[in-house]
Every structure is written in structure tokens, then in C-alpha cells.
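**Student:** Protein sequence lines, in the order shown, are assigned to chains A and B. Just so we're aligned: the first sequence equals residues 15 to 391 in my numbering. Just so we're aligned: the second sequence equals residues 2 to 211 in my numbering. Where a beta carbon is used, it is the ideal one built from N, C-alpha and C, also for glycine. Note that this is a predicted model, so its numbers are computed, not measured.
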Amino acid sequence: MEAAVDAVILIDHGGRVTAFNRSAERLFGYSSQELLGRNVSILMPAPHRSEHNGYLERYARTGVAHIIGVGREVEGLRQDGTRFPAFLSVGQVPGSDPPRFVGFVRDVTTERQALATIQAARDRAEAHQNEAQQARHLQERLMHVSRMATMGEMAAGIAHELNQPLSAIATYARACERLLESADPDLTETRSSLHEIGEEALRAGDIIRHLRQLVGGQASEHMVTDLNELIEDISVLAQADARVHATQLELDLAEGLPRVNADRVQLQQVLLNLVRNALEALQELPAAGRKVTICTTRAADDLVEMSVSDNGPGLSHAIADRLFTPFVTTKVAGTGLGLAISRTIVHAHDGKIAHRARSPSGACFFVHIPAVKDEDA
Amino acid sequence: MKETAPTVYIVDDDHGVRSSLRVLMKSVNLPASPFASAQEFLAAYHAVQPGCLVLDIRMPGMSGLELQEELNRRGVVLPVIFITGHADVPMAVEAMRQGAFDFVQKPFRDQDLIDRVQKALARDQNTRQALKEHSRIRARLASLTPREREVLDLLVTGKANKVVAQDLSLSQRTVEIHRAHVMEKMAVQSVAQLVRMIMDLEHRGTPPTG
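1. For a minimum of 3 consecutive residues, which ranges assigned as the beta strand (DSSP E) are wholly contained in the region 273-323 of chain A?
2. Throw me the rounded Cβ distance for the Gly-171/A and Arg-257/A pair, which I believe falls under 8 Å.
3. Could you check whether the Cβ of Arg-192/A sits closer than 8 Å to any Cβ belonging to chain B?
4. Does the Cβ of Leu-57/A have 16 or more other Cβ atoms within 10 Å, making it buried, or fewer, making it exposed?
5. Which one of Met-26/B, Ser-21/B, Val-77/B has the shortest CA to CA distance from Val-47/B?
6. In three-state terms, what does DSSP make of Phe-115/A?
7. Quick check on the burial criterion: 16 or more other C-beta atoms within 10 angstroms. Buried or exposed for Leu-194/A?
8. Determine, using beta carbons only, whether Arg-117/B comes closer than 8 Å to chain A.
9. Below 8 Å on C-beta distance, what does His-142/A contact in chain B?
10. Any Cβ of chain B within less than 8 Å of the Cβ of Ala-391/A?
11. Quick one: is Gly-211/B buried, meaning 16 or more other Cβ sit within 10 Å of its Cβ, or exposed?
12. How about Ala-295/A: is its C-beta nearer than 8 Å to some C-beta of chain B?
13. Along the chain, where does the alpha helix (DSSP H) containing Phe-380/A start, and where does it finish?
14. Per DSSP, which residues does His-369/A bridge with? Please list them.
15. On the CB-based measure, 16 or more other CB atoms within 10 Å of its CB, does Asp-57/B come out buried or exposed?
16. Would you say Glu-41/B faces chain A, with C-beta separation under 8 Å as the test?
17. For Asp-103/B, list the residues DSSP reports as bridge partners.
18. Using DSSP with H/G/I as helix, E/B as strand and the rest coil, what is Pro-99/A?
19. Based on the DSSP output, what are the partners of Ile-23/A in its beta bridges?
20. Can you tell me whether Leu-201/A is buried or exposed? The criterion is at least 16 other CB atoms within 10 Å of its CB, across all chains shown.
21. Within 8 Å of any Cβ in chain A, is that where the Cβ of Ser-34/B sits?
22. 8 Å is my cut-off, CB to CB: does His-174/A come that close to chain B?
23. When the Cα atoms are used, what is the spatial distance from His-259/A to Gly-52/B?
24. Since Thr-261/A meets chain B, which of its residues come closer than 7 Å, beta carbon to beta carbon?
25. Using a Cβ-Cβ cut-off of 8 Å, state whether Glu-246/A counts as contacting chain B.
26. Mind checking Gln-178/A: buried by the 16 CB within 10 Å criterion, or exposed?
27. Which of the three DSSP states is assigned to Ile-11/B in this structure?
28. Within 10 Å of its beta-carbon, does Pro-209/B have 16 or more other beta-carbons around it, so buried, or fewer, so exposed?
29. Look at the Cβ atom of Glu-235/A, then the Cβ atom of Asp-277/A, and state whether they are nearer than 8 Å.
30. In whole angstroms, give me the CA-to-CA distance for His-16/B and Ala-37/B.
31. Output yes if chain A places a C-beta closer than 8 Å to the C-beta of Pro-108/B; else output no.
32. Would you tell me roughly how many angstroms separate the C-alpha atoms of Gln-227/A and Ala-169/A, rounded to the nearest one?
33. Measure the C-alpha to C-alpha separation of Ala-391/A and Arg-59/B and round it to an integer number of angstroms.
34. Name the two residues that bound the continuous beta strand (DSSP E) containing Val-55/B.
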């Protein structure tokens, strides 16, 4: 018993201490001499202190154990009046009658402190995570709202773009009716028209699918992506917008580009923003000369470039310095968020966005995104 | 350039719209010729070819309005029916101001377009006939001698032979001979016919060449 690491205290049925080992002396600050024969409740803070004799009586009377054989966390009271957290297990000394009890007391201050430290650290981490998550959530909301705004601005173009296949379908269908009314119907023409009706319906569906992708409020999702594919995918909407602006939109996509790690919808949003800016920059020019080019190329071994160029008047120095500042806009109805959000998106892709002047005139906005490593496309 | 059968020329950058219009025209037995751009059409079309033009008002490159301007500049008489979107009303108004024959809004009823195309083709035929007639009349006018032309100019103002003779210091007999030559060369039976012919010519103005 003297060799035990835990404090060991023996008491009789009246709660009087009959043994107190060295660990107990160290733990509570009493010598065993001081404690032998005294009630063990001296080692307990209130309310257990006054209740302890009651516990013993109840056990003697009912034989129902509350703590015996279970163990629980309690508080100990040292001689100097300080308290400490302790784990107490109690057993009845076998064959003792009247019963005697043995208590093992382990100081759990260190464990408690460690736990508290861990908990505090966990709380802090959670708070940071919440903040980061909230910020990310807000940013995604903002991007979504901005996409919705872009869609709103493009509504005329999109309506026109949907009207085209619908108009073609209606015309084909009526033409087929008329062809079949003839005494000797041209079945080849009718069949190919029916085929075209199907194609045009798919085309309308395709436009709607692209729209839904862009207006969906999905969370950011990065995956290994073919930049050209992403551009061709969004070009349906970009072309619609270009048509409304009576502007020629060309794709000039390099072959064999390495792939990038990207959130498709977000990069498409960047592209749409850049195309819309280019289209608006061209409005002063006569329609026949307006041209916007979306271009991809390999900027370096590990860098892919996607650019949008126009042959408009180019950027003035005054605006060039503040391009990416939120709420700065040259447009009558602009929010001034397009480029700011684009930059946020590009930075989240570990990329950069900038512009250069074109010769003889015009602006080119380009985005550099790191190629996916260990993957030679 | 040889004259072809009246043709519905279709210029629309949208493949579906363009090709469905061609089939629709075919379904009412009208020859149609589709083009994907204004430039393509300009390169292929010659002013002597009769028909009408169904033209998308909004196209990248040269727009429908710009093509109309170019055709006006070249003196092409082909009637133009514009196809517009619902947002293009101001452009359609401008097109009408520039002499467009008519316009239809997308999506349109097939019968509406067919009716307009038929009317445009009829108008084109009339215009071309009148132009042909005019050039024939001009040729006849050109065949008159200066003296005969003087006599004609006075006759159409309603002057009698006697007055013409006095004005030109000729004998009435000489005027009568000139007058007979004028009537014969101009292929008319009466002075009233002659007057209508000349008035018509002056009213229509100078025909385009090409």
C-alpha cells in the first residue's frame, strides 16, 4: 500500500481514517499521523463534506452502492484549503463487518488541464473554420449573385438565342406539312427537315442546360479540367451575347494544352465577364468591324493562358490603374464588380489576371493558370 | 449575267433559320437561295436576277441594315423583307424608312411570311416590267431626230399642230409629217397615250443600271 502511486485511504464504517499512504500524504498535505482516527470528510469540500456520513449510513442501511465499484470524478480538498480534481474509486474491504472501505484517489489536474487546453484549441480552430467558411460562403454567394446579374444583362441575347431554334422548328414543321400536302410529296426533304427539327430542339435544350449550370448556386468545386472544353461549353452563351451586340466572336484555341485544376463554372464566369466587357468596348465601332477573340495558349511550361481580345479603342490610363477595384465602372449600368470578382476567382486558382494593349488598337485581358503537374497532356 | 427565274434570296447567319426558310419556300414551290452572310450574297447576286430578299436584320459582320444600304447604293431594286427579333423594332422602323418592302417578327406564322414573299415577288415583277418598258421607251425616244423631239415636247404639253408650227417656225404640213414619225417611232396611236408614257417615265425617274 505504501508503494502505491495513487493515494490510498482506508476508513471504517463510521468514516474514520484507519490508513493513509505516502502518496495520500503528498496529495493532501496531511501526515498520516494527523489524519488517523479523524473523519475522512475533512478531505472533501462542501457539500460532500457534510453529506459523507449520511452516504455511509445509507449504505449500511440499504446495502445500495452509489460510488462503490463505479468510481467518479470528485474534488479533493488539501490541508492548505486548495481544491483539486480527482478520480476516486471506492471498494469495500472484502469480509469486513462492520464494513471498512478503501479509497483510491488520483489527481487528474494535469489531464484536466490538457483536456481544457485541447478543448480551447479546438474551439479556436472551430471559430476560425467557421469564419473561413462564412467568408467562403459569402464569396460564393457574391459570385452567384454576380453570375445572376450577368445572366440578367444577357437576357436579351439569351432570349434571341432561344428564339432562333424555336423559330426554325416552327418553320420546318409548317414546311413539312405543306410538303406532305402535295400530290407527290418530297419525302427526302421532309425527312431531313424532321431531323433538323430534332437538332434544333436539342440546341434549345443545350442553351437552357448551360444557363442552369451558371445560375445554379453550387459550391465551389475544383477538378482537373480541359480549358478548351470549358470555353467551348460556354461559347453558346457568349455567342448569343455577341450576336446581340452585332459582333463577331471567334475562338482560337491551342491544341494539346495541359489541363488545369479549375472550378468550371467560376472560370466560365470570368470568361463571360471578359467577353461582355469586350463587347461593350466595341459599341462605338461600326458593326462590320467589331471582333472579339477568345484565345488559349501555353504561356510557359507549367502555365496555360486564356485571353479575350477586342479591336476596340483600348484602355485609357485613368481606368487601367483601377480596373480591378470593386465598384469602379465605366459602364452606365455596371456594378463594377465583374473584374474584381474575376480576380478573386483567378487568385483562388493560383493564377493571375492582367491586361495588355493590342496593336494597332484594342485591349487583351489574359488569365494565367498553372497547369496540372505530372500530367503531360 | 443571265436572268434567272424569280428566286427568294435568304440571308441569315443562323443555319437553322436559313435552312428552314429554304424548305418553307420549296414547300410552296418557290425557288430559294440561302446565304450565310451579307458578303456571300453580295458576291453571288447580280441585279438582273429577279425575286425578293428575306433578310435577317441582326447579323455579325455586315448587318441586314448595312446590306440594305449597300443594295440601295448599287441601285438594286430587289424588295427586302426583314426578319426581326422582338427587340429590334427601332431597327425595323429604320429599315422601312430606308425603303424595305416589309418585315416579319420572329417567330412568325409561315403564312404571314409566304404572303409577304408573294407580294414582294409581284412587286419585283412589276418594277422590272416597268423598268423594261422604260428602257424601251427611252430607246424609242433616242431614235427621234432633234426636230422630232422638239415636236414631241410641244405635243405633250397639249399644243395643237398649228401652235407647234408657229412655235417652231415650221409649216403646219411639216409639223404633221414630224408628228406622224413621232407617233410611229414611239409606237402610240394617240397623243393621249404619248402623254401618259412620257409622264410615267418622268415620274419614275432614272432607272438603275446593272
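**Tutor:** Inspection of the coordinates gives the following:
1. With a minimum length of 3 residues, the continuous beta strand (DSSP E) runs that stay inside the region 273-323 of chain A are 274-276, 305-314.
2. Numbered from 1 along the first sequence, position 157 holds the residue referred to as residue 171/A. Numbered from 1 along the first sequence, position 243 holds the residue referred to as residue 257/A. With 8 Å as the limit, Gly-171/A and Arg-257/A qualify as a contact, their Cβ atoms being about 6 Å apart.
3. Mapped onto the first sequence, residue 192/A falls at position 178. By the rule that beta-carbons nearer than 8 Å mark a contact, Arg-192/A touches chain B.
4. Here residue 57/A refers to the residue found at position 43 when the first sequence is read from its first residue. Answer is buried; the Cβ neighbour count reaches 16.
5. The residue given as residue 47/B occupies position 46 in the second sequence. According to the sequence shown, residue 47/B is His rather than Val. Cα-wise, what sits closest to His-47/B is Val-77/B.
6. On the first sequence, residue 115/A is found 101 positions in, with the first residue counted as 1. If DSSP states are grouped into helix, strand and coil, Phe-115/A belongs with the strands.
7. By 1-based counting over the first sequence, the position of residue 194/A is 180. Exposed is the call here.
8. The count along the second sequence starts at 1 and reaches residue 117/B at position 116. For Arg-117/B, no Cβ of chain A is located within less than 8 Å of the residue's own Cβ.
9. The count along the first sequence starts at 1 and reaches residue 142/A at position 128. Under a criterion of Cβ atoms nearer than 8 Å, no residue of chain B is adjacent to His-142/A; the nearest Cβ is some 50 Å distant.
10. Position 377 of the first sequence, counted from the start, is the residue given in the question as residue 391/A. Unreliable placement is indicated for Ala-391/A, whose pLDDT of 44 sits below 50; the coordinate value is still reported in the next sentence. Cβ-Cβ to chain B under 8 Å: no for Ala-391/A.
11. Here the question's residue 211/B lines up with position 210 in the second sequence. Confidence in Gly-211/B is poor, its pLDDT being 36 and thus under 50, which makes the residue's placement unreliable; the coordinate value appears in the next sentence. Looking at its Cβ environment, which holds fewer than 16 other Cβ atoms inside 10 Å, Gly-211/B is exposed.
12. The count along the first sequence starts at 1 and reaches residue 295/A at position 281. Interface with chain B (8 Å Cβ-Cβ cutoff): Ala-295/A is excluded.
13. What you label residue 380/A is simply residue 366 of the first sequence in a count that begins at 1. Note, Phe-380/A: premise wrong, no alpha helix (DSSP H); beta strand (DSSP E) at 377-384.
14. As a working note, residue 369/A is residue 355 in the first sequence. His-369/A is bridged by DSSP to Phe-379/A.
15. As a working note, residue 57/B is residue 56 in the second sequence. Classification for Asp-57/B: buried.
16. Residue numbering aside, residue 41/B sits at position 40 when the second sequence is read from its first letter. Chain A has no Cβ within less than 8 Å of the Cβ of Glu-41/B.
17. Walking along the second sequence from the start, residue 103/B turns up at place 102. In the DSSP output, where bridge partners are listed per residue, Asp-103/B has Ile-82/B.
18. Position 85 of the first sequence, counting from 1, holds the residue named residue 99/A. Assignment of Pro-99/A by DSSP, reduced to helix, strand and coil, places it in the strand class.
19. As a first step, residue 23/A is located in the first sequence; it is residue number 9 there, counting from the start. Within the DSSP bridge table, the entry for Ile-23/A names Phe-34/A, Gly-117/A as partners.
20. For the purposes of this step, residue 201/A is taken as residue 187 along the first sequence, with counting starting at 1. Exposed.
21. Taking the second sequence and counting its residues from 1, one reaches residue 34/B at position 33. Among the CB atoms of chain A, none fall inside 8 Å of the CB of Ser-34/B.
22. Translated into positions along the first sequence, residue 174/A becomes position 160. Yes, because at least one Cβ of chain B sits closer than 8 Å to the Cβ of His-174/A.
23. For the purposes of this step, residue 259/A is identified with residue 245 of the first sequence, where counting begins at 1. For the purposes of this step, residue 52/B is identified with residue 51 of the second sequence, where counting begins at 1. Going by C-alpha positions, His-259/A is about 30 Å away from Gly-52/B.
24. Numbered from its first residue, the first sequence carries residue 261/A at position 247. The answer, in chain order, is Pro-61.
25. For the purposes of this step, residue 246/A is taken as the residue at position 232 of the first sequence. By this cut-off, Glu-246/A is not an interface position.
26. Counted from its first residue, the first sequence places residue 178/A at position 164. Label assigned to Gln-178/A: buried.
27. Here residue 11/B corresponds to residue number 10 of the second sequence, with the count starting at 1. Reduced to three states, the DSSP call for Ile-11/B is strand.
28. On the second sequence, residue 209/B is found 208 positions in, with the first residue counted as 1. At Pro-209/B, the pLDDT of 43 sits below 50, so the modelled position is not reliable; the number obtained from the coordinates is stated separately. Pro-209/B is exposed by the Cβ-count criterion.
29. The residue labelled residue 235/A in the question sits at position 221 within the first sequence. The residue labelled residue 277/A in the question sits at position 263 within the first sequence. Yes, they are a contact pair.
30. Residue 16/B sits at position 15 when you count from the first residue of the second sequence. Residue 37/B sits at position 36 when you count from the first residue of the second sequence. Here the alpha carbon of His-16/B sits roughly 7 Å from the alpha carbon of Ala-37/B.
31. Taking the second sequence and counting its residues from 1, the one referred to as residue 108/B is at position 107. With 8 Å as the cut-off, Pro-108/B counts as an interface residue toward chain A.
32. Within the first sequence, numbered from 1, the residue matching residue 227/A stands at position 213. Within the first sequence, numbered from 1, the residue matching residue 169/A stands at position 155. Take the alpha-carbon of Gln-227/A and the one of Ala-169/A: they are about 15 Å apart.
33. Within the first sequence, numbered from 1, the residue matching residue 391/A stands at position 377. Within the second sequence, numbered from 1, the residue matching residue 59/B stands at position 58. Unreliable placement is indicated for Ala-391/A, whose pLDDT of 44 sits below 50; no coordinate value is reported for it.
34. Within the second sequence, the letter at position 54 stands for residue 55/B. 52-57 is the span of the beta strand (DSSP E), which, as asked, contains Val-55/B.
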